[in-house]
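Residue numbers (my numbering), protein chains in the order written: chain A, 70 to 549; chain B, 12 to 317.
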């Protein structure tokens with residue numbers, strides 16, 4: 070016992086490795102499924118091909134930083150359309166809010182990369198060193214040839230997985246087969262090697278060693294979530310009103326009425342990937358992966374007591390159950406104003422983005438007048454303005470584009486290539502596939518033309534006729 | 012470790028953690044222990060800071076900072092990057108040195124490179140007089156328009172930049188000397204006014220008068236031409252167009268005839284290398300008023316190759 074005047078204080082807590090025990094059950098199987106799905110998506114996506122014709126890459130998902138294009142199956146996004154990516158991120162955020170308010174920290178428990186890779190690495194531990202007890206023994210054992218060999222083997226596998234993880238990341242940023250070839254023949258850009266090195270190191274350290282420390286000390290999400298959860302959010306709960314006071318089977322046989330259902334077998338603690346005791350109540354270390362539910366249900370089945378001593382329960386239902394009222398169906402916890410609002414906002418953003426994507430024009434024009442000098446008086450008294458036109462062709466084929474001066478009576482335009490003798494109100498330029506052509510044009514107006522607004526209209530003259538226009542200003546002497 | 016319990020600090024029962032000892036309206040703060048790896052990360056960052064201070068310029072001293080054992084400086088890095096860029100530019104500059112300027116438009120990548128280089132050189136050497144947009148100002152020619160005193164094709168522009176205007180030390184410099192008709196008493200003030208009327212009439216800004224036309228034919232037409240359209244051989248400006256170097260009002264014209272301005276331009280051949288001058292000429296030519304080079308006498312063309 071602590072004396073009232075002296076206490077044991079350590080300002081720094083030693084890291085205790087979590088050796089979680091193997092467990093089987095519906096939640097564990099769901100975790101396996103989620104791991105398979107998320108890892109497959111992560112590793113395989115860059116290798117999916119998607120035909121876009123001869124002028125665009127054939128990789129289904131590609132973030133082409135060099136050419137500033139983002140490809141996602143049938144969608145191609147240009148840098149100025151980054152709001153689509155922002156919209157996706159907002160949807161991801163609201164989706165996370167929706168998930169959290171409905172099913173609590175499900176993201177943490179099943180699909181967070183830190184969780185998935187930690188799970189993967191914990192399976193490596195089990196595969197190499199055996200289950201919980203064997204691993205604890207090996208940890209405590211002095212360093213010898215056998216332990217060194219085991220550790221070397223395990224860490225090599227850690228490293229290989231980490232390297233594979235880092236290697237898969239860069240495939241999203243370049244043509245995967247080409248980059249793989251270049252990577253192994255030493256021709257890939259330095260940034261590729263650096264990225265792989267950094268991600269290999271972070272995966273190795275975060276997945277192999279830091280594990281639950283990331284969730285408990287580094288990640289802001291557990292803190293933010295407490296603001297998003299309410300009494301109607303599902304969370305992994307130990308039903309203390311049913312379990313307490315704890316007593317072993319033997320004790321319970323002697324005094325059947327003195328103890329609750331918890332037999333203090335510690336299985337819930339043994340299987341926990343973050344090493345907490347759920348019976349202490351909701352806590353930041355709990356990622357709600359529900360492995361303790363699997364473990365507890367198994368024990369309850371063995372000793373013939375009803376399942377669900379530890380279960381997904383909302384705080385509200387827990388109170389009702391404690392008071393002896395019947396539990397309500399789960400959909401009632403899911404369907405409530407808060408989740409409906411989140412879902413509606415989420416869906417509205419998604420639909421708005423799909424609509425915007427479906428109706429956006431693949432032809433564009435912008436005109437920037439020269440500001441210095443703003444106008445130029447020619448020897449015959451006519452006035453010349455210069456503009457830089459940006460002709461945008463978002464189709465994967467070269468397109469002829471016809472540019473017309475709208476307004477500005479008597480005006481004509483020419484370019485450095487065409488020459489003033491061929492000046493006309495309409496000029497046609499060919500814009501390369503999937504690009505923006507920058508074209509400087511000179512617009513000349515008759516002497517004594519006043520400053521005025523006018524426009525350029527562009528028409529893509531191919532099978533898919535599209536128009537766009539832009540307004541700009543013609544500046545004349547006396548109006549600087 | 013067993014410490015004397017400080018005043019106010021106590022162990023919080025549910026968590027088993029010590030409080031920091033403060034209390035506000037019953038709210039206390041837990042002194043949750045940090046993980047030990049955090050402590051190691053903290054030590055590692057201190058070690059990194061020490062190594063950084065040794066390796067890189069860091070510590071301010073009385074006159075200048077410590078230099079760091081690696082010898083890195085931001086100025087040195089700039090010099091290195093500039094040298095790299097020069098190395099990359101070398102083939103382009105070599106090609107430019109070999110290409111006669113009138114042949115430049117045939118090689119459009121080289122032409123574009125020359126225009127880009129010229130734009131940079133213009134900002135350093137020319138904007139002081141001609142302005143950042145090369146639009147000039149009163150007395151300093153506008154380089155964007157289609158009016159050229161000494162010719163507007165690439166070769167003529169290169170020649171003008173190389174030898175300048177009115178440079179006594181350069182035998183090939185452009186020289187034109189308009190007499191000071193009023194100041195030197197060649198014409199009376201009334202005659203000058205008549206000439207000015209005639210000059211204004213050339214661009215339709217005044218009614219013509221016979222006396223002015225006659226005075227013009229006697230005194231001015233030898234350089235400016237009978238129709239007043241100028242002569243590039245002697246740098247005589249076109250007086251029939253809309254562009255005026257020294258202003259187009261009657262007072263401006265009277266002032267110019269009475270006591271003319273004679274603008275000067277440095278002979279850049281003495282200050283810049285030929286490649287830079289070529290790039291400047293290409294840039295000026297690209298501003299919108301550049302003229303096509305016309306071979307003066309095809310017979311005089313010589314083969315450049317040995």
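Yeah, the Cβ is synthetic: ideal placement off N, Cα and C, and Gly gets one too.
DSSP, read as helix, strand or coil, puts residue 207 (chain B) in helix. At least one CB of chain A lies nearer than 7 Å to the CB of residue 47 (chain B). Taking 7 Å as the CB threshold, residue 241 (chain B) stays off the interface with chain A. Excluding sequence positions up to five before and after residue 337 (chain A), its CB lies within less than 8 Å of the CB of 307, 346, 347, 348, 361, 364, 365, 379, all in the same chain and listed in chain order. Among the residues facing chain A, residue 143 (chain B) is included, as its CB has a counterpart in that chain under 7 Å away. For residue 83 (chain A), the nearest beta carbon of chain B is closer than 7 Å to its own beta carbon.
It is roughly 13 Å from the alpha-carbon of residue 406 (chain A) to the alpha-carbon of residue 300 (chain A).
A direct Cα-to-Cα measurement between residue 170 (chain B) and residue 287 (chain B) gives close to 13 Å. Straight-line spacing of the CA atoms in residue 149 (chain A) and residue 134 (chain A) works out to 13 Å.
A Cβ-Cβ separation of about 28 Å leaves residue 237 (chain A) out of contact with residue 152 (chain A) under the 8 Å criterion.
Note that the C-beta distance between residue 226 (chain B) and residue 251 (chain B) is not below 7 Å.
Interface annotation, residue 445 (chain A): in contact with chain B, CB-CB separation under 7 Å.
A direct Cα-to-Cα measurement between residue 463 (chain A) and residue 515 (chain A) gives close to 36 Å.
Close to chain B, meaning a Cβ-Cβ distance shorter than 7 Å, are the following residues of the segment 421-445 of chain A: 441, 442, 445. For residue 50 (chain B), the chain A residues whose Cβ falls inside 7 Å of its Cβ are 81, in order along the chain. In this chain, the beta strand (DSSP E) harbouring residue 508 (chain A) covers 504-514.
Contact residues of the segment 446-457 of chain A toward chain B are 446, 447, 448, 449, 450, 451, 453, 455 (C-beta to C-beta distance below 9 Å). Of all residues in the segment 146-178 of chain B, only 146, 153, 155, 156, 157, 158 place a beta-carbon less than 8 Å from a beta-carbon of chain A. The beta carbons of residue 269 (chain A) and residue 232 (chain A) sit closer together than 7 Å. At least 7 Å separates the beta-carbon of residue 452 (chain A) from that of residue 539 (chain A).
Residues of chain A with a Cβ closer than 8 Å to the Cβ of residue 254 (chain B) are, in chain order, 446, 447, 448.
Residue contact check for residue 227 (chain A) against chain B: no CB pair falls below 7 Å. With a minimum length of 4 residues, the unbroken runs of alpha helix (DSSP H) contained wholly in the segment 255-282 of chain B fall at 261-269. Residue environment: residue 89 (chain A) is assigned as buried (16 or more neighbouring CB atoms within 10 Å of its CB, all protein chains considered). Cβ atoms of residue 20 (chain B) and residue 37 (chain B) stay farther apart than 8 Å, at about 16 Å.
Contact between residue 219 (chain B) and residue 235 (chain B) does not hold, since the beta-carbon distance rounds to 16 Å and is not under 8 Å. Using a Cβ-Cβ cut-off of 8 Å, residue 346 (chain A) is close to nothing in chain B; its nearest Cβ partner there is about 12 Å away. Going by C-alpha positions, residue 136 (chain B) is about 22 Å away from residue 445 (chain A). In the three-state scheme derived from DSSP, where H, G and I count as helix and E and B as strand, residue 35 (chain B) is classed as strand. Under the DSSP assignment, residue 188 (chain A) falls outside any beta strand (DSSP E), being part of the alpha helix (DSSP H) whose first and last residues are 182-198. The beta-carbon separation of residue 158 (chain B) and residue 302 (chain B), rounded to 11 Å, does not stay under the 8 Å limit for a contact. For the pair residue 291 (chain B) and residue 490 (chain A), the Cα-to-Cα distance works out to about 25 Å. Taking a Cβ-Cβ cut-off of 9 Å, residue 223 (chain B) has no neighbours in chain A, whose nearest Cβ is about 22 Å from it.
Of the other Cβ atoms in all chains shown, fewer than 16 fall within 10 Å of the Cβ of residue 197 (chain B); this residue is therefore exposed. Note on residue 93 (chain A): under 16 other CB atoms within 10 angstroms of its CB, so exposed under the neighbour-count rule. At a beta-carbon threshold of 7 Å, none of the residues of chain B lie near residue 363 (chain A); the nearest stands roughly 27 Å away.
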